[in-house]
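*Asks:* Under the working numbering, the first residue of the sequence shown carries the number -14, and numbering increases by one thereafter.
Pasting in a structure now, in structure tokens, and then I'll have a few things to ask.
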Amino acid sequence: VGVVALDGKIHAVAGRTLDRVTSALHEVYDPATDSWSDAAPLPTARDHFAIAVVDGRIHVIGGR
């Protein structure tokens, strides 16, 4: 799972599940409401990637 903070929220993106399945999920934690929500998934499932916020946008780079 790649994790970044953007606009006061925490984004958990892709990675591998406990069953070792590569995921495209994108979930967002909002500490103001103490709740998680689903966001747009990645176009393809990824793991072993880098993640960064640049100019207010989340970038997922590389991986497999």
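For glycine and all other residues, C-beta sits at the position ideal for the given N, C-alpha and C.
For residue -14, which residues of its own chain have a beta-carbon under 6 Å away from its beta-carbon, when the five flanking residues on both sides are left out?
*Replies:* Within the sequence shown, numbered from 1, the residue matching residue -14 stands at position 1. Contacts found: -3 and 0.
*Asks:* Classify residue 42: buried if its beta carbon has 16 or more other beta carbons within 10 angstroms, exposed otherwise.
*Replies:* In the sequence shown, residue 42 corresponds to position 57, counting from 1. Exposed, because fewer than 16 other Cβ atoms sit within 10 Å of the Cβ of residue 42.
*Asks:* If you reduce the DSSP assignment to three classes, tell me which class residue 31 lands in.
*Replies:* The count along the sequence shown starts at 1 and reaches residue 31 at position 46. In this structure, residue 31 counts as strand in the three-state DSSP scheme.
*Asks:* Let's see if you can read the secondary structure: which residues bound the beta strand (DSSP E) around residue 1?
*Replies:* Mapped onto the sequence shown, residue 1 falls at position 16. Note, residue 1: beta strand (DSSP E), -6 to 1.
*Asks:* Contact defined as beta carbons within less than 8 Å: I believe residue 27 pairs with residue 11. What is the distance between those atoms, to the nearest angstrom?
*Replies:* On the sequence shown, position 42 is the one that residue 27 refers to. On the sequence shown, position 26 is the one that residue 11 refers to. Indeed, because the Cβ distance is near 7 Å, the residues count as touching under 8 Å.
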